[in-house]
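First comes the structure, then the notes that go with it.
Residue numbers (our numbering), protein chains in the order written: chain A, 143 to 336; chain B, 574 to 605; chain C, 775 to 1086.
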């Protein structure tokens, strides 16, 4: 350790190379053979770099892509507004998102309540997730389908009139996971169909 | 939305979300 | 001097929130509970993380944290029910709770805390729940759903304190006078101990590491030569060699990645000022206390250090 007057150190025999030498030194040649056969090589830490890209890419014809998306949305029970002339390549989707109602945790901090805990449903949470799907052309024959979270609203139009409290603050504490989950459902539907 | 190519029947999607004054890249791994 | 420094550090920790510890931008990996356990292991290793929050997409809510304890439970299950090998292969993260019940271990109660509560409260929660990490959970304004903002570990908190509190240079009372750490009743093994016995010790003693001592001719206590850690289990499962009953812990450690930084040791003359200095620059999980001949005297964990700083 390069810290003054300290006796903190790294145990040399715990370093992988020295540990391997220690083990091999205490084994008979037959045992060393066994070691080789047991696939006891160090775990490779080279991380195949995860390559991220926006949306999903497609080389199909634009109209085919749009058809695939509408079909997938239909299979997943989503609804969409009729596209306007100027926005033929944009789909404004609404999804009924009604998994088990979230609970109002009396104490938010019990992150992982045992399952059997009774969950009283929370009233008036919006149950329609909005998403905007748009086709972009990157270059000839190379398209990108972009997914954008569009906020929440109530399936019962009456409740939508109440306006949204904390509009500006809305985006600063929203859970992306329902959106990410619906995007995976749609991508899987497209992958499986294609 | 950011995505990765599907490998071993597993899909990863991500989005960058502002939480107050900080930015969290939330990554969800799900089975195909 | 030390008391005054501690008091000042406590004020600092009380004045900060867990949110303050978060970097300006960071990533959070979350696993859908319908993933296979084996697939989730690859995802953790590929992202160089040892734990991740779980998302139950059918209930649209978070389902606790996946940690090395879960993988240890899977191995224990396999050894209690060897005929269930195919179940282990097809086990999903949803099934981990059943595994806990099958081998009779209590579910990991994951305490969590709101990001804007004081860092002091987060540390107290971790100390009382004996967890080494704590999810920061807020609520989605519109849908009332939980948001896991991030997961704070003891290491990250101690690193944050070491980087921001200049008072650490005044913590100069040697360990031997501080009485922090564990010096009695430590479980130890030797290189030839079956790795399964070591994994049982991790669970039965509820510890995250087991020191390995050298073997001596006359049976006297040997010196510290290595340590088996809970996260080493991930390499065991990844290598698919957890079903080898005869594997010794020395052989199992051959699976450790080449870039493993090594086991940190110290002596009873060391002080928290130098220990926290080391934590600033190295991913230290614990320090094994040895004497000048290398014989094991005890262990100081991050929990011990955090508890001392917070509570004395």
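Glycine included, C-beta positions come from ideal geometry on N, C-alpha and C. All of these numbers come straight from a predicted model, not from anything done at the bench.
Whole-number beta carbon distance between residue j and residue i, since they are thought to touch under 8 Å
i: residue 1041 (chain C); j: residue 1064 (chain C); result: 6 Å
i: residue 949 (chain C); j: residue 1084 (chain C); result: Going by Cβ atoms, the distance from residue 949 (chain C) to residue 1084 (chain C) rounds to 18 Å, so no, they are not a contact pair.
i: residue 891 (chain C); j: residue 791 (chain C); result: 6 Å
i: residue 1029 (chain C); j: residue 184 (chain A); result: 6 Å
i: residue 287 (chain A); j: residue 165 (chain A); result: 53 Å between Cβ atoms; not a contact.
i: residue 1054 (chain C); j: residue 936 (chain C); result: 5 Å
i: residue 297 (chain A); j: residue 224 (chain A); result: Residue 297 (chain A) to residue 224 (chain A), Cβ: 19 Å. No contact.
i: residue 583 (chain B); j: residue 904 (chain C); result: At roughly 32 Å, the Cβ-Cβ gap does not stay under 8 Å, so residue 583 (chain B) and residue 904 (chain C) are not in contact.
i: residue 213 (chain A); j: residue 335 (chain A); result: 7 Å
i: residue 998 (chain C); j: residue 1062 (chain C); result: 6 Å
i: residue 598 (chain B); j: residue 193 (chain A); result: Going by Cβ atoms, the distance from residue 598 (chain B) to residue 193 (chain A) rounds to 15 Å, so no, they are not a contact pair.
Bridge partner(s) assigned by DSSP for residue i
i: residue 277 (chain A); result: A:287
i: residue 1062 (chain C); result: C:1039, C:1073
i: residue 1033 (chain C); result: None; residue 1033 (chain C) has no bridge partner.
i: residue 809 (chain C); result: Answer is none; residue 809 (chain C) lacks a bridge partner.
i: residue 836 (chain C); result: C:829
i: residue 271 (chain A); result: A:237, A:294
i: residue 985 (chain C); result: C:1001
i: residue 192 (chain A); result: BP columns for residue 192 (chain A) are empty, so no partner.
i: residue 920 (chain C); result: C:913
i: residue 595 (chain B); result: B:592
Distance CB(residue i)-CB(residue j) smaller than 8 Å
i: residue 987 (chain C); j: residue 1079 (chain C); result: no
i: residue 826 (chain C); j: residue 795 (chain C); result: no
i: residue 969 (chain C); j: residue 1010 (chain C); result: yes
i: residue 802 (chain C); j: residue 602 (chain B); result: no
i: residue 815 (chain C); j: residue 845 (chain C); result: yes
i: residue 150 (chain A); j: residue 1052 (chain C); result: yes
i: residue 575 (chain B); j: residue 196 (chain A); result: yes
i: residue 291 (chain A); j: residue 914 (chain C); result: no
i: residue 954 (chain C); j: residue 850 (chain C); result: no
i: residue 807 (chain C); j: residue 865 (chain C); result: no
i: residue 783 (chain C); j: residue 941 (chain C); result: yes
i: residue 1000 (chain C); j: residue 960 (chain C); result: no
i: residue 586 (chain B); j: residue 325 (chain A); result: yes
i: residue 1075 (chain C); j: residue 1057 (chain C); result: no
i: residue 269 (chain A); j: residue 240 (chain A); result: yes
i: residue 885 (chain C); j: residue 901 (chain C); result: no
i: residue 1004 (chain C); j: residue 978 (chain C); result: no
Within 8 Å of chain C by C-beta, residues of the stretch 151-177 of chain A in sequence order: Listed by position, the residues of the stretch 151-177 of chain A near chain C (Cβ gap below 8 Å) are 151, 152, 153, 154, 155, 156, 157, 158, 159, 161, 162, 164, 165, 168, 177.
Counting Cβ pairs closer than 8 Å, one from the stretch 920-932 of chain C and one from the stretch 833-841 of chain C, do we hit at least three? With a cut-off of 8 Å, the stretch 833-841 of chain C and the stretch 920-932 of chain C count as touching, because enough Cβ pairs lie within range.
Is the stretch 1015-1034 of chain C in contact with the stretch 193-213 of chain A, if contact means three or more CB pairs nearer than 8 Å? The stretch 1015-1034 of chain C, when compared against the stretch 193-213 of chain A, does not touch it at the 8 Å Cβ threshold.
Interfacial residues, the stretch 268-289 of chain A to chain C, with Cβ spacing under 8 Å: Result list: 268.
May I ask you to list, following chain order, the residues of the stretch 816-843 of chain C that have a beta carbon less than 9 Å from some beta carbon of chain B? Taking 9 Å as the Cβ-Cβ cut-off against chain B, the residues of the stretch 816-843 of chain C that qualify are 816, 817, 821, 826, 829, 831.
Would you list, in chain order, the members of the stretch 971-986 of chain C that have their beta-carbon closer than 8 Å to a beta-carbon of chain A? Result list empty, no residue passes.
Tell me, please, whether the stretch 843-858 of chain C touches the stretch 873-893 of chain C by the rule of three or more beta-carbon pairs shorter than 8 Å. The stretch 873-893 of chain C and the stretch 843-858 of chain C touch, with three or more beta-carbon pairs separated by less than 8 Å.
The stretch 798-811 of chain C: which residues have C-beta closer than 9 Å to a C-beta of chain B, in chain order? The residues in question are 798, 799, 800, 801, 802, 803, 804, 805, 806, 808, 809, 810.
Which residues, in chain order, does the stretch 193-208 of chain A contribute to contact with chain B at a C-beta distance below 8 Å? Those would be 193, 194, 195, 196, 197, 198, in chain order.
Would you list, in chain order, the members of the stretch 1043-1057 of chain C that have their beta-carbon closer than 7 Å to a beta-carbon of chain A? Answer in chain order: 1043, 1044, 1048, 1049, 1051, 1052.
When Cβ atoms are compared, which residues of the stretch 992-1011 of chain C fall closer than 7 Å to chain A? Within the stretch 992-1011 of chain C, the qualifying residues are 998, 999, 1000, 1001, 1009.
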